[in-house]
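Enquirer: Last residue of the sequence shown? That's 317 in the working numbering, and every number before it is there in order.
Beta carbons are placed, not taken as given, at the ideal position from N, Cα and C, and that holds for glycine.
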Amino acid sequence: MDISETSAACGDVLDTLRGAIIAEDAFFEDILLGLLSRGHVLIEDVPGTGKTLTARSMATALGLSFSRIQFTPDLLPSDVTGTTIYDEGTGEFEFSEGPIFANVVLADEINRAPPKTQAALLEAMEEEQVTVDGTTYELPSPFFLIATQNPVEQSGNFPLPEAQLDRFSVKTSMGYPDTDGEIELLKRRLDRVEQSPSVEPVLDTERVVGAREASEAVRIEEDLLAYMVDVTQATRSDRRVEVGVSPRGTQRLLEATRAAATLADRDFVTPDDVKRVATPVLAHRLILTPDATVENIDKRDVLADVLDRVEVPTV
Numbered sequence: 003m004d005i006s007e008t009s010a011a012c013g014d015v016l017d018t019l020r021g022a023i024i025a026e027d028a029f030f031e032d033i034l035l036g037l038l039s040r041g042h043v044l045i046e047d048v049p050g051t052g053k054t055l056t057a058r059s060m061a062t063a064l065g066l067s068f069s070r071i072q073f074t075p076d077l078l079p080s081d082v083t084g085t086t087i088y089d090e091g092t093g094e095f096e097f098s099e100g101p102i103f104a105n106v107v108l109a110d111e112i113n114r115a116p117p118k119t120q121a122a123l124l125e126a127m128e129e130e131q132v133t134v135d136g137t138t139y140e141l142p143s144p145f146f147l148i149a150t151q152n153p154v155e156q157s158g159n160f161p162l163p164e165a166q167l168d169r170f171s172v173k174t175s176m177g178y179p180d181t182d183g184e185i186e187l188l189k190r191r192l193d194r195v196e197q198s199p200s201v202e203p204v205l206d207t208e209r210v211v212g213a214r215e216a217s218e219a220v221r222i223e224e225d226l227l228a229y230m231v232d233v234t235q236a237t238r239s240d241r242r243v244e245v246g247v248s249p250r251g252t253q254r255l256l257e258a259t260r261a262a263a264t265l266a267d268r269d270f271v272t273p274d275d276v277k278r279v280a281t282p283v284l285a286h287r288l289i290l291t292p293d294a295t296v297e298n299i300d301k302r303d304v305l306a307d308v309l310d311r312v313e314v315p316t317v
């Protein structure tokens with residue numbers, strides 16, 4: 003697939019999702035940014051806003067296999083990756099795949115599970131493989147993880163460590179629908195028998211792989227590369243920030259700008275692409291100082307200030 007075909011295909015996916023889920027287009031686009039940039043997405047919202055439905059509908063629209071893992075305090079790493087079991091019939095040990103073996107995996111309420119189980123996802127996210135009892139198993143390709151978490155203020159949660167947060171290309175949120183949106187939600191429920199809406203596939207595995215490859219053809223001028231570095235370096239010197247964006251985060255920013263250009267049917271990146279993706283790609287990577295945390299300073303506001311300060315190149 004070329005860039006124009008990918009843009010049109012993503013438009014079809016967006017149309018399908020709009021018919022099933024009430025949310026802003028920017029939310030759906032954030033998820034597609036993660037998919038096209040070969041990354042993973044973290045959705046933070048209160049229960050009942052449609053996070054699970056979104057992940058399931060996205061997998062169906064993309065024509066990919068789907069698996070859901072409900073994270074709980076007693077979930078074990080082997081419950082995620084799979085385990086080796088003894089087959090009495092053959093007298094041999096065989097590997098039984100866990101729910102991580104799917105194209106699109108929903109890690110639901112990931113911050114309800116203890117750190118050891120959360121860590122089981124790290125290798126899968128970074129290497130697209132898992133290692134069990136010393137043997138490595140490749141995950142299906144493409145592999146795309148959508149994790150959801152409840153706000154950290156809610157009790158009973160295990161906050162994700164910084165190392166794992168940094169591995170999510172995008173962090174986004176649905177939020178509550180506005181009044182008109184919630185009324186539309188009720189009207190749609192009246193028009194169907196099932197509790198949850200359904201969607202039809204519009205892509206398949208081959209086209210999703212082709213869409214990811216198309217983003218790699220987007221070109222970026224050197225002035226924009228310098229602009230991205232200036233933005234990430236500015237986060238490291240901000241007085242409210244204890245730990246700024248890592249070099250990994252800078253690379254994820256570059257990849258997301260290419261994805262944004264692809265969605266817009268362009269083969270080049272603009273400064274507006276950088277500004278568009280900066281918050282969902284970079285904000286969750288910031289670690290604020292204790293004083294800033296006490297003052298309830300929002301990481302997104304810090305990033306907005308950084309974008310205002312950094313000079314934008316004329317391309």
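Compute the beta-carbon to beta-carbon distance between Tyr178 and Val314, rounded to the nearest angstrom, for a pair I have assumed lies under 8 Å.
Expert: Within the sequence shown, numbered from 1, the residue matching residue 178 stands at position 176. Within the sequence shown, numbered from 1, the residue matching residue 314 stands at position 312. Contact flag wrong, Cβ pair sits at about 33 Å.
Enquirer: With 16 other CB atoms within 10 Å as the buried threshold, where does Asp81 fall?
Expert: Translated into the one-based positions of the sequence shown, residue 81 becomes position 79. With 16 or more Cβ atoms within 10 Å of its Cβ, Asp81 is classed as buried.
Enquirer: Can you check which of these residues, Gly65, Ala261, Leu284, is closest to Asp275 by C-alpha distance?
Expert: Sequence index remark: in the sequence shown, residue 275 carries index 273 (1-based). Nearest C-alpha to Asp275: Ala261.
Enquirer: Find out if the Cβ-Cβ distance for the pair Pro153, Asp47 is shorter than 9 Å.
Expert: Counting from one through the sequence shown, the residue named residue 153 turns up at place 151. Counting from one through the sequence shown, the residue named residue 47 turns up at place 45. Closer than 9 Å, so yes.
Enquirer: Ser98 lies in the beta strand (DSSP E); which residues open and close that run?
Expert: As a first step, residue 98 is located in the sequence shown; it is residue number 96 there, counting from the start. Element bounds for Ser98: 94-99.
Enquirer: I'd like to know whether the C-beta atoms of Val204 and Val308 end up nearer to each other than 9 Å.
Expert: The residue given as residue 204 occupies position 202 in the sequence shown. The residue given as residue 308 occupies position 306 in the sequence shown. Cβ atoms of Val204 and Val308: not closer than 9 Å.
Enquirer: Checking the sheet assignment: what are the DSSP bridge partners for Ser171?
Expert: Within the sequence shown, numbered from 1, the residue matching residue 171 stands at position 169. Beta-bridge pairing links Ser171 to no other residue.
Enquirer: Just checking my contact of Thr150 with Ile45 at CB under 8 Å: how many whole Å lie between their CB atoms?
Expert: Counted from its first residue, the sequence shown places residue 150 at position 148. Counted from its first residue, the sequence shown places residue 45 at position 43. 5 Å between Cβ atoms; contact.
Enquirer: Would the segment 61-68 count as touching the segment 104-118 if we require 3 or more Cβ pairs under 8 Å?
Expert: A contact exists between the segment 61-68 and the segment 104-118.
Enquirer: Counting along the chain, where does the beta strand (DSSP E) carrying Val134 start and finish?
Expert: Numbered from 1 along the sequence shown, position 132 holds the residue referred to as residue 134. Where Val134 is concerned, the enclosing beta strand (DSSP E) stretches over 131-134.
Enquirer: Per DSSP, what kind of secondary structure is Leu123 in: helix, strand or coil?
Expert: Your numbering for residue 123 matches position 121 in the sequence shown. Three-state DSSP puts Leu123 in a helix.
Enquirer: Which term fits Asp32, buried or exposed, when burial requires 16 or more other beta carbons within 10 angstroms of its beta carbon?
Expert: Reading the sequence shown from its first residue, position 30 is the one you call residue 32. Answer is buried; the Cβ neighbour count reaches 16.
Enquirer: Use the C-beta contact count for Ser171: other C-beta atoms within 10 angstroms, 16 or more gives buried, fewer gives exposed.
Expert: Taking the sequence shown and counting its residues from 1, the one referred to as residue 171 is at position 169. It counts as buried.
Enquirer: Report the residue ranges of all alpha helix (DSSP H) runs contained in full by the segment 272-304; include only those spanning at least 4 residues, in chain order.
Expert: Qualifying alpha helix (DSSP H) stretches, in chain order: 273-284, 292-296.
Enquirer: Per the DSSP calculation, Tyr88 is bridged to which residue(s)?
Expert: Residue mapping note: residue 88 aligns to position 86 of the sequence shown, counting from 1. Partner(s): Phe95.
Enquirer: Please state if the CB of Arg254 and the CB of Pro144 are separated by a distance shorter than 9 Å.
Expert: Counting from 1 along the sequence shown, the entry for residue 144 is found at position 142. Counting from 1 along the sequence shown, the entry for residue 254 is found at position 252. Not a contact, by the Cβ cut-off of 9 Å.
Enquirer: How many angstroms separate the CA atom of Val283 from the CA atom of Gln72?
Expert: Position 281 of the sequence shown, counted from the first residue, corresponds to residue 283. Position 70 of the sequence shown, counted from the first residue, corresponds to residue 72. Taking the straight line from one Cα to the other gives about 25 Å.
Enquirer: What did DSSP end up calling Ala149 once you bin it into helix, strand or coil?
Expert: Numbered from 1 along the sequence shown, position 147 holds the residue referred to as residue 149. Residue state, collapsed to three classes: strand.
Enquirer: Report yes or no: do three or more beta-carbon pairs, one from the segment 4-13 and one from the segment 215-228, lie closer than 8 Å?
Expert: The segment 4-13 is in contact with the segment 215-228.
Enquirer: Using only the alpha-carbon positions, how far apart do Ile112 and Ala126 sit?
Expert: Taking the first residue of the sequence shown as 1, we reach residue 112 at position 110. Taking the first residue of the sequence shown as 1, we reach residue 126 at position 124. Roughly 14 Å separates the two Cα atoms.
Enquirer: What residue from Ser239, Leu256, Pro249 has the CA that sits closest to Glu224's CA?
Expert: Within the sequence shown, numbered from 1, the residue matching residue 224 stands at position 222. Among Ser239, Leu256, Pro249, the Cα nearest to that of Glu224 is on Leu256.
Enquirer: When you compare only the Cα positions, how much space is there between Ala263 and Val296?
Expert: The count along the sequence shown starts at 1 and reaches residue 263 at position 261. The count along the sequence shown starts at 1 and reaches residue 296 at position 294. Computed Cα separation, rounded: 38 Å.
Enquirer: Hey, is the segment 84-99 in contact with the segment 132-140, meaning 3+ C-beta pairs nearer than 8 Å?
Expert: Because the criterion of three Cβ pairs below 8 Å is met, the segment 84-99 and the segment 132-140 touch.
Enquirer: Flag this pair as touching only if the segment 298-312 and the segment 187-196 have three or more C-beta atom pairs under 8 Å; answer yes or no.
Expert: No, the segment 298-312 does not touch the segment 187-196.
Enquirer: Kindly provide the ranges of any beta strand (DSSP E) runs that are 3 or more residues long and lie completely inside the segment 222-261, ordered along the chain.
Expert: If we require 3 residues or more, the beta strand (DSSP E) runs fully inside the segment 222-261 come out as 243-245.
Enquirer: Per the DSSP calculation, Val319 is bridged to which residue(s)?
Expert: In the structure displayed, the chain extends from 3 to 317; residue 319 sits before or after that span and is not available.
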